[in-house]
Ligand SMILES: [Zn+2]
Ligand SMILES: [Zn+2]
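Numbering (UniProt numbering), first residue to last: 1 to 346.
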């Protein structure tokens, strides 16, 4: 039986807990580690290759404290942990008026301050990865893969407040539901910096109409968030240093530039096939780079992909297919959306 909180506090504090698995492998766990803990109904079948099965049986938690009653015999190591709650469990067990339907299917909520548990280290089932989704950080946030669990909200159960809250956006003032199929388009101008559901813009006929695709694409390519330039300049400097230390052969500059151009001349989107985070960080970096190379006649660094895609690396972005409509005189027009705030094309 787990010790009481007072008894736990009187124990000796440990930096790490070492757990020997059934197969004899040893794993060290430290404070602040994110871990899997086997739920009460978990049956661990080592031959089970179906990841989904494991995911549902294992719960995620963060280690807050590690203690042991007798440092000479560290067999009974106890841990204080804070849980990651699924939205449904969170609504049931923590905050009654929370609506779990506004969360993504792999979204989990970190609860601290209260609702903590003391568990034996034998319940640990390996280190877990919980992606942090910093929703406001459109520029630096890396893409979150479809199969990964992520956390964007933290709830202080002692003071009953969200430490990290989900933001609402668009004309509809709804919060973003990450793996909803609804796509959102971003206005990156520094006065706007807002995501809009394409459906909400279309409902109000907030369409931008261009005579041809090339004109629209160059409007996109020149639309920037100039408040990000200092950050981009610093990253690019680092990319140049990296490029010089790399032993890779220079590709055909024209092919490379056309790859940058393809990324720059498209809208910033998230949701649906654009993934949870979307492509804003990638597209805006490509626009910045294109501007430097084409207008300022600077060179393209060899490692430009590292700069554009970031540490998370490239992911499969769908090709942009232009939307068209037929005008009153039968002419074909290329369309995109208009930002309701600045009224510029997005
Ligand atoms: Zn909306
Ligand atoms: Zn705008």
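A virtual CB, placed ideally from N, CA and C, is assigned to each residue, including glycine.
Please read these numbers as outputs of a predicted model, since none were measured by experiment.
Using a Cβ-Cβ cutoff of less than 6 Å, which residues in the same chain neighbour residue 186 once the five nearest sequence positions on both sides are dropped? 195, 268 and 280
Note down the Cα distance separating residue 272 from residue 183, rounded to an integer number of angstroms. 6 Å
For a test of your reading of the model: does the CB of residue 200 fall under 7 Å from any non-hydrogen atom of ligand 2? Yes or no. No, ligand 2 has no heavy atom inside 7 Å of this Cβ.
Which one of 317, 240 and 333 has the shortest CA to CA distance from residue 324? 333
Let me confirm a value: residue 51 is counted as buried when at least 16 other C-beta atoms fall within 10 Å, else exposed. Which label applies? Because residue 51 carries a pLDDT of 47, less than 50, the predicted location of this residue cannot be relied on, and the following value inherits that uncertainty. Burial call: exposed.
So, at 7 Å on beta carbons, what are the nonlocal neighbours of residue 211 in its own chain, with the 5 sequence-adjacent residues on each side left out? 333
Please list, following the chain, all residues that have a C-beta closer than 6 Å to any non-hydrogen atom of ligand 2. 187, 189, 192, 339, 341, 342 and 344
Between the CA atoms of residue 172 and residue 293 - distance to the nearest angstrom: 39 Å
Taking 7 Å as the line, does the beta carbon of residue 172 fall inside it for any heavy atom of ligand 1? yes
Give the DSSP-derived three-state secondary structure of residue 200 in the structure shown. helix
Who are the Cβ neighbours of residue 143 in its own chain at under 7 Å, not counting the five residues just before and after it? 275, 277, 312 and 315
Validate contact between the segment 25 to 39 and the segment 93 to 102 using beta carbons, cut 8 Å, 3 pairs: Flag = no, the segment 25 to 39 and the segment 93 to 102 do not touch.
Residue 53 to residue 59, Cα distance in whole Å? The predicted position of residue 53 is uncertain, since its pLDDT is 43 and thus under 50; no value can be drawn from it.
Provide the residue span of the beta strand (DSSP E) that contains residue 350, from first to last. Past the edges of the chain, shown from 1 to 346, lies residue 350, and the structure says nothing about it.
On the three-state DSSP scale, how would you describe residue 336? strand
Determine the burial state of residue 167: buried for a count of at least 16 other Cβ atoms within 10 Å of its Cβ, exposed for fewer. exposed
DSSP state of residue 175, grouped into three classes? Residue 175: strand per DSSP, three-state reduction.
Assuming residue 149 and residue 106 are in contact, meaning their beta carbons sit under 8 Å apart, how far apart are those beta carbons, in whole angstroms? 5 Å
Does the beta carbon of residue 197 fall short of 7 Å from some heavy atom of ligand 1? yes
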